[in-house]
Every structure is written in C-alpha cells, then in structure tokens.
Amino acid sequence: MDLLDLTALELGKKIQAGEVTAPEAAAAALRRIREMEPSIHAYVTVDEEGAMAQAETVQREIEAGRLSGPLAGVPVAIKDNICTEGLRTTCSSKILEHFVPAYTAQAAEQLKKAGAVILGKTNMDEFAMGSTTETSAFGPTRNPWNTDHVPGGSSGGSCAAVAAKECFYALGSDTGGSIRQPSSFCGVTGIKPTYGTVSRWGLIAYGSSLDQIGPIAKDVADCAAILEVIAGRDVKDATSMERQDTDFTAALTKDVRGMRIGIPASYFGEGLDPEVAGAVKEAARVLADAGAVVEEFDLGLVDYAIPAYYVIASAEASSNLSRFDGVKYGFRAADYEGLHDMYKKTRSQGFGPEVKRRIMLGSFVLSSGYYDAYYLKALRTKALIKREFDKAFASYDCILAPAAPSTAPRLGESLQDPLKMYLGDIYTISVNLAGLPGMTVPCGKDSKGLPIGLQLIGDCFKEKHIIRAAYTFERSVRNEQTV
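Mapping of the sequence shown onto UniProt numbering: residues 1 to 483, in sequence order.
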C-alpha cells in the first residue's frame, strides 16, 4: 500500500513500529502537495522547512520513548483561521494577508504535544463566511473528485487536502456546517463536537456562540482519535467544558443493536436531490440491517433555522470583525485623511464582498431600531429549535439526515446567488444553533461520480452515539463491498 493511502492511525502505528519515520511521512506529504496544489489549491501556506524540522524533532522523541501516542509523527493540515505561532494565519482575507500570530491555538497546541507535524494552513472562505471556499481572497479551492466543482466550505481547503492525500488529517472549524458540508462534498469524514468540547482559544472568531473546531480525516476511527487529543477544558476559553467522557475511541464498536435512530421527514421534502435522498435512505437501511431501530419523525421549526442562524451569526460577525480596523495589526489602507477615513478605506479594501455583506446585515439587526424585531426574535427561535431537538432526543439516540441538499455544485454557480448558497446549509445549521455534535460520513456517489455524505446528529455530549453509528455504517459498507 502507498504510504499516502494510509489513515492517520495506520501511519501512526507504522511510525511507532519503526517501519516508517516521521521525516519520511512528512516528505511524502510535501511531495504530494507540490504535485497536487497547482490543480487543487487546498493550501494558503505550506511550511516545508518547518514541517521537516518538526518531523525530525518528533522522530527523536519517538525513538527516545517520550512520544508514543497514536498520532505522533503524523502530518496534519490546519485551517487558516486557527492561529499558529510563527506561521502566517490569514483567514483567507487580504486584511490579514501578512499576519503572523505570536501564539498557537489551544487545539493546534494539543496536536503538537501529541507529536503532530504541521504541514501548513489550508484555504477557506474568507473569515469562514461561505459554503464553497470561493470567497477566499487567494482564489478558490477545487474539489479533488472533479476540479470543475467546489469542495464546499468554509473548511473546503482542509477537506480537499485530506481527499487529495495532501495530508493525513486536518483541523477545520464549523459555525453552520463548515466541517460537515465540505466533508460530504469531498468524500471524507468530519465531526463537529458539542459546543464547548474543544477550546476556541486561538480560533479567529466568526460567530462566537456557534464556532467549534473539529477533525477531518479519512475514516471514523481517525476522527475519534483526533477528537480525543484536542478535547478538554481550557482556562483560556470560558466556554470550554470539563468532561470526563472524552475517550471517544471507546465508541469504535460495530454494534448498533437496539440503538434508536430518527429520520426527520421534513428533511426529505422539496429541494433535496433525489440521488442524495436515495443514498441517505440506503444508509438508513444498512443501519437497520445492523440492528438499529430506524423510523421517521417530525422535527419542527426547520423552516426557521436559516433566518435565525444568519441573523445571529451576522450579528456576532459584525461585533467580532470590528477589531480589524488597520490600527493594531493586519492590512492598513495607504491613503486616508484622519482616523475614520482610515477605518473606512481599510475595511473597504481589506474585506471581500461576502464578509462586507454579513457585517452590514449584522450591524443592521443589532441597531437600536431593529434589535428587538430581528436579533432578540432570532435568539428566541434558537431556544425553540433547541427544545425541538430535546424532544427528539427523548425518543432517539441519534438523528440521521443528509449533510447537504445536493452534491458539490460547479465553481461559480453559488456565488451568483447568495441566498441559494445560504440555503445549502439547511441541514447543518440547526446543529450549531442547538450546540449539538454532528458527523458526516461518505455514503455513496451520484451519477456524476461526486461524493454524497450522510449526517449523524447526537444529543449534547453524546458524540459516542454518533461515532458508534458512523463506525458501524462504515464497517458494514466495507464488508458489503468486499463480499
């Protein structure tokens, strides 16, 4: 088997056994990046020199017996809104084009302590605002399955890098589906954990009450092992949680007998591509055959999720992005007269159209005349959506749904109609509004050969339920394919 075909855990085992060295693994990934990047553009920054130096240091630690974890020596890619000390972090925006952080985000730091080798920073929609990785100031990422199509977003660079074998796993962030939807489009596995499970310290904020870092990898076992490393309480993030149940790899059992899985009937109505619906229903059959109790149910308030999400996310974005003013760091306009003119010109030139659109929308809904009519109403709707999920989880262990209404659209299609792009998040955003864990697993391809993803949603702090269901489905499908 080619080294690049290995999962992160398989490579980790070979490194521990001395069959492969960390520098050999890093060199193989860097060769692949040089080969694929002209057509994929998954990375904004590739740190060849730094990666090789890290790999050599990690190899010495492994040989000395000081690093024995499952991910030691395994190369990783990091989304470009997650800070890395000494390595450019741009959020794929002109306003941060030359920003080099003085610290490393907690999640990335946890990976480094576990012996991960950071290859570089992956492309994304600017400030994570978009669903296609086309709003990047540095050009779009392309889908490795068909380069005329988008990889999804906003973690499209991370998902494309994993799919194109340009890294063994990656970190992404998920505000309204930004790990799960591109994982579906690129045929990889991604998990958005319960809000507060992974520290947001060092993640450049878009919507602070919605953002969450999570892993993207080739299979369910890799995602569980990575999440185990990055999860945990962080004193630097007041929203992070102290949990005693983060041994996620313990859920890697092929057994869903007696598990109750609900399918929201409203998710299979108008707007869902028939090929996607067929693949997801076939996945439900596989889980039912494995012993799960699978049935349809009514999940209310689905129609209100998108307006509530875009009001809340845009309001938080307008507040979070006010720090980018040309004064403290980042880009500053060259010609201006006075402070206010500098603010205006810096933001006009530094932010792209989608970011400006969401900042203006957020500023509008937070303004004194419209705060009650829009923002407060959206917060009440968010609470009602959470209550609907609570009712569902009183009857079901997890919810099975599509990750996206279609497979990856062609480049340029979504940008022509922002509302159409927003509607592409219809199956993912409710999970963020309710703070729930969600996971995408590949479940087939459409007639054009583009991947389709199955989404599994769990109750708060019940990642193990969705990991167990996802692992069972993955193994069952592999067995069917090999029979």
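Just so it is clear, CB atoms sit at the ideal spot from N, CA and C, and this is done for glycine as well.
Between residue 9 and residue 341 the beta-carbon gap is near 54 Å, outside 8 Å, which marks them as no contact. Judged by DSSP in its simplified three-state form, residue 453 adopts strand.
Residue 225 and residue 322 have their C-alpha atoms some 36 Å from each other. The closest CA to that of residue 120, considering only 405, 154, 75, 333, is found on 75. The shortest CA-to-CA distance from residue 167 to any of 117, 198, 129 is the one to 117. Residue 444 sits in a strand when the DSSP states are folded into three classes. Proximity of the stretch 282-301 to the stretch 245-261 meets the contact definition, three or more beta-carbon pairs being nearer than 8 Å. Taking all protein chains shown into account, residue 98 has fewer than 16 neighbouring C-beta atoms within 10 Å of its C-beta and is therefore exposed. Look at the stretch 182-224 and you find these whole runs of beta strand (DSSP E), each 3 residues long or longer: 189-192, 213-217.
The bridge partners DSSP lists for residue 78 are 121, 171. In the pairwise beta carbon analysis, the stretch 70-87 is classified as touching the stretch 13-29: at least three pairs are separated by under 8 Å. Measuring C-alpha to C-alpha distances from residue 209 to each of 25, 313, 201, 87 identifies 313 as the nearest. DSSP, read as helix, strand or coil, puts residue 400 in strand. When rounded, the separation of the alpha-carbon atoms in residue 272 and residue 416 is 20 Å. In this structure, residue 180 sits near residue 453, with a CB-CB distance shorter than 9 Å. Taken through DSSP and simplified to helix, strand or coil, residue 41 comes out as coil. When the Cα atoms are used, residue 87 and residue 96 turn out to be separated by approximately 12 Å. With contacts defined by Cβ atoms closer than 9 Å, residue 407 and residue 280 do not form a contacting pair.
Of the residues assessed, residue 39 falls on the exposed side of the cut-off, its CB having fewer than 16 other CB atoms within 10 angstroms. Within the same chain, Cβ atoms closer than 8 Å to the Cβ of residue 385 are found at 301, 304, 305, 308, 430, 433, 434, the five residues on either side in sequence being excluded. Measuring C-alpha to C-alpha distances from residue 216 to each of 195, 165, 236, 204 identifies 165 as the nearest.
The DSSP-derived three-state label of residue 426 is coil.
Straight-line measurement puts the Cα of residue 355 at about 16 Å from the Cα of residue 330. In the assembly as shown, residue 328 is an exposed residue. Its beta-carbon has fewer than 16 other beta-carbons within 10 Å.
For residue 227, the secondary structure class from DSSP, reduced to helix, strand or coil, is helix. Cβ neighbours of residue 240 within its own chain (closer than 6 Å, five residues either side excluded): 196, 199, 233, 234. Contact between residue 81 and residue 173 holds: CB atoms are separated by about 6 Å, below the 8 Å threshold. Pairing residue 475 with residue 283, the inter-Cα distance amounts to about 12 Å.
With a beta-carbon spacing of about 14 Å, residue 123 and residue 185 fall beyond the 8 Å limit used to define contacts. For residue 243, the closest C-alpha among the options 462, 22, 21 is that of 462.
The shortest C-alpha to C-alpha distance from residue 391 to any of 459, 428, 455 is the one to 459. Here the alpha carbons of residue 352 and residue 360 stand approximately 12 Å from one another. Boundaries of the beta strand (DSSP E) harbouring residue 294: 293-297, taken from the DSSP string. Between the alpha carbons of residue 423 and residue 401 lies a distance of about 16 Å.
In the DSSP assignment, residue 262 is bridged to 295, 399.
Nearest to residue 287 by alpha-carbon distance, out of 405, 471, 30, 268, is 471.
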